[in-house]
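Number 28 in my numbering belongs to position 24 of the sequence shown; there are no gaps in the numbering.
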Amino acid sequence: VQLQASGGGLVQAGGSLRLSCTASESIFSFNLLGWYRQAPGKQRELVATVTSGTSGVYRNYVDSVKGRFIIFRDNAKNAVYLQMNSLKPEVTAVYYCKAGRDGLDYWGQGTQVTVSS
5 VQLQASGGGL VQAGGSLRLS CTASESIFSF NLLGWYRQAP GKQRELVATV TSGTSGVYRN
65 YVDSVKGRFI IFRDNAKNAV YLQMNSLKPE VTAVYYCKAG RDGLDYWGQG TQVTVSS
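So, in structure tokens, the structure goes:
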């Protein structure tokens with residue numbers, strides 16, 4: 005499975021960006037899709053995940069982005085998105101998408117997000 009992340013860029017504080025992650029195959033079977041980020045000198049951290057199971061769909065966000073970021077998947081387009089609003093300089097990082105199923109994780113190549121103050 006190959007994941008292609010896109011949508012990053014340079015934006016001023018308060019602006020918005022939408023990240024896209026497109027898979028090379030159907031994402032229907034992936035029970036976890038997520039976005040992670042890594043800032044310079046820091047470890048990679050979870051930003052948002054959407055998990056699907058028999059009991060429903062669940063979204064999880066790191067506290068610092070709750071209410072500003074939205075993660076959603078589009079199975080028809082084999083894609084997962086991260087809508088980022090009210091951006092702050094501290095979210096500057098390389099953003100990676102991840103897809104997980106059957107105990108295996110697949111990662112995209114990352115897209116740079118830079119928020120200027």
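All C-beta atoms, glycine included, are put in the ideal place defined by N, C-alpha and C.
Please read all numbers here as calculations on a predicted model, not as lab measurements.
What number of angstroms, rounded off, separates the C-alpha of residue i from the C-alpha of residue j?
i	j	result
Arg41	Gly57	25 Å
Val66	Val51	5 Å
Gly18	Ser90	4 Å
Gln6	Ala27	6 Å
Arg48	Arg22	20 Å
Ile75	Ser68	14 Å
Gln124	Val117	No answer is possible for residue 124: the residues shown for the chain start at 5 and end at 121.
Ala80	Ser20	24 Å
Ser120	Asp78	30 Å
Specify the secondary structure class of residue i as computed by DSSP and reduced to three states.
i	result
Asn64	strand
Val95	helix
Ala43	coil
Val119	strand
Val5	coil
Ala52	strand
Following the continuous beta strand (DSSP E) through residue i, name the residue where it begins and the one where it ends.
i	result
Phe34	Neither: Phe34 is in no beta strand (DSSP E) and is coded neither H nor E.
Ala83	83-88
Thr122	With the chain running from 5 to 121 in the structure shown, residue 122 is simply not present.
Gly13	13-16
Asp78	73-78
Asp109	108-111
With a Cβ-Cβ cutoff of 7 Å, do residue i and residue j count as a contact?
i	j	result
Gly12	Ser24	no
Trp39	Tyr110	no
Val84	Leu37	yes
Gly112	Ala9	yes
Asn35	Thr55	yes
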